[in-house]
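These notes are about the structure you will find just below.
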Amino acid sequence: MDREKIIIKTSIKGIIANVFLAVFKAIIGFISNSIAIILDSINNLSDVLSSIITIVGTKLAGKKPDKEHPYGHGRVEYLSSMIISLIILYAGFSALIESGKKIIYPVTPDYSVISILIIIVAVVVKIVLGLYVDKVGTKVNSDSLKNSAKDALLDAVISFSTVVAAMIFVTFHVSLEAWLGLIISLVIFKSGVEMLKNTLNQILGKRINSDLSIAIKNTVNNYENVYGAFDLTLNDYGPDIYLGSIHIEVPDTMTASEIDKLTRKISKDVYKKHNVLMTAIGIYSVNTQDKDVIDIREKIDKIVDSYPTVVQIHGFYINQKDKEINFDVIVDFSDSQREKTLEEIHEKVQSEFPDYKVNITLDFDISD
Numbered sequence: 000m001d002r003e004k005i006i007i008k009t010s011i012k013g014i015i016a017n018v019f020l021a022v023f024k025a026i027i028g029f030i031s032n033s034i035a036i037i038l039d040s041i042n043n044l045s046d047v048l049s050s051i052i053t054i055v056g057t058k059l060a061g062k063k064p065d066k067e068h069p070y071g072h073g074r075v076e077y078l079s080s081m082i083i084s085l086i087i088l089y090a091g092f093s094a095l096i097e098s099g100k101k102i103i104y105p106v107t108p109d110y111s112v113i114s115i116l117i118i119i120v121a122v123v124v125k126i127v128l129g130l131y132v133d134k135v136g137t138k139v140n141s142d143s144l145k146n147s148a149k150d151a152l153l154d155a156v157i158s159f160s161t162v163v164a165a166m167i168f169v170t171f172h173v174s175l176e177a178w179l180g181l182i183i184s185l186v187i188f189k190s191g192v193e194m195l196k197n198t199l200n201q202i203l204g205k206r207i208n209s210d211l212s213i214a215i216k217n218t219v220n221n222y223e224n225v226y227g228a229f230d231l232t233l234n235d236y237g238p239d240i241y242l243g244s245i246h247i248e249v250p251d252t253m254t255a256s257e258i259d260k261l262t263r264k265i266s267k268d269v270y271k272k273h274n275v276l277m278t279a280i281g282i283y284s285v286n287t288q289d290k291d292v293i294d295i296r297e298k299i300d301k302i303v304d305s306y307p308t309v310v311q312i313h314g315f316y317i318n319q320k321d322k323e324i325n326f327d328v329i330v331d332f333s334d335s336q337r338e339k340t341l342e343e344i345h346e347k348v349q350s351e352f353p354d355y356k357v358n359i360t361l362d363f364d365i366s367d
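Anchor point for the sequence shown: position 352 equals 351 in numbering that gives the first Met the number 0, and the numbering is continuous, going up by one each time.
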């Protein structure tokens, strides 16, 4: 079964389970006059809406690429995840208002043993549903499903809290309903904020997953005549849809045809192993004909290594004919004055080798 069908099937199961839970909780809530249980049932209805949005978003994301969207519609899933987060935030805000009203105008609840038992059953159902949806969401890499799973497990905690409140009332005749509703609303709101933050990170473009980055670079580095792989960039066009680019260091003795053959093999292998389409593979030429270059490189390495915020130096090449030294420097984001650091390095290298024109490119720490 393909990814889209799995997500839709899982969402439908969630809709069915939440509709039944919402109905049962609403009936129990009104019979027992419990604001916490009523709010819990409303939260189940928001889960139903979330599942519907997940289905719609998945269907839209699965549309084939067209002229206006040549990279497909995969990012629609991130938008659906954002909408689900906003729904949860709204549910939390509404619950906060209703709980506040009950604190100001308290109403005495009326629990029965049957109502408490049904809520306990609802807790078990929500835990099972949450774990199942989370497992599927992780398997198919669906943020929408994983958000729904978190919400389901949160519901289980909330429902369990209402059971505790009910038992306290039955035993000690102390009503914690309104205050419990207040806590529930804050927990829901906090969960919505965290989900929204994660989704916005996806849309804005978050850091490359280190495991994937390292795996791709290891694949590239395993090729003969590849001395190093750098500047890996992955553009996310939806879950598991990546377009990438990378730079590789190769001997300066390689011909254009040899480089072409090498880069084609790399592109094919990376796609086969990691499902990443490499749209560009840049080349850094490595000096192999001049022994003096090694001495120069060692001296420059010592200069660069004296800066603790420098992560890496790569793309090193010396053009002896034009008397040029070229290399890239990656400066950590923790260095608030990266440009100044680069200037200092440039001045020191230029002072050490006044007969050369020094060209240094400031690079960014975007992977690993």
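Backbone N, C-alpha and C define an ideal beta-carbon position, used for all residues, glycine too.
- When DSSP states are grouped into helix, strand and coil, V225 belongs to the coil group.
- When the Cα atoms are used, I312 and I359 turn out to be separated by approximately 10 Å.
- The residue among N224, I167 and G71 with its C-alpha nearest the C-alpha of E257 is N224.
- For M81, there is no enclosing beta strand (DSSP E); the residue is found in the alpha helix (DSSP H) stretching over V75 to I103.
- DSSP places S284 in the uninterrupted beta strand (DSSP E) bounded by V275 to V285.
- Contact fails between the segment 234-246 and the segment 287-301, because fewer than three Cβ pairs, one in each stretch, are under 8 Å apart.
- In the three-state DSSP reduction, T53 falls in the helix class (H, G or I).
- The straight-line gap separating the alpha-carbon atoms of E297 and Y355 is approximately 16 Å.
- Between the segment 68-84 and the segment 137-148, the count of C-beta pairs closer than 8 Å reaches three or more; the two stretches touch.
- The criterion of a C-beta distance shorter than 8 Å is satisfied by D331 and V310.
- Counted as a single uninterrupted DSSP element, the beta strand (DSSP E) harbouring V357 occupies residues K356 to F363.
- By the criterion of at least three beta-carbon pairs nearer than 8 Å, the segment 115-128 is not in contact with the segment 56-72.
- Membership of V330 in the beta strand (DSSP E) is indicated by the continuous run E323 to V330.
- Setting aside the 5 residues that flank it on each side, A25 is surrounded in the same chain by I37 and S40, each with a C-beta closer than 7 Å to its C-beta; the list follows chain order.
- Fewer than three beta-carbon pairs drawn from the segment 66-75 and the segment 148-155 are found closer than 8 Å, and the two stretches are therefore not classed as touching.
- Residue environment for N17: buried (at least 16 other C-beta atoms within 10 angstroms of its C-beta).
- A Cβ-Cβ contact shorter than 8 Å links L231 with I215.
- DSSP places H345 in the uninterrupted alpha helix (DSSP H) bounded by R337 to E351.
- Exclusion of the five residues before and after T252 leaves T287 as the residues of its chain whose Cβ lies within less than 7 Å of its Cβ.
- Collapsing the DSSP output to three states places E297 in a helix.
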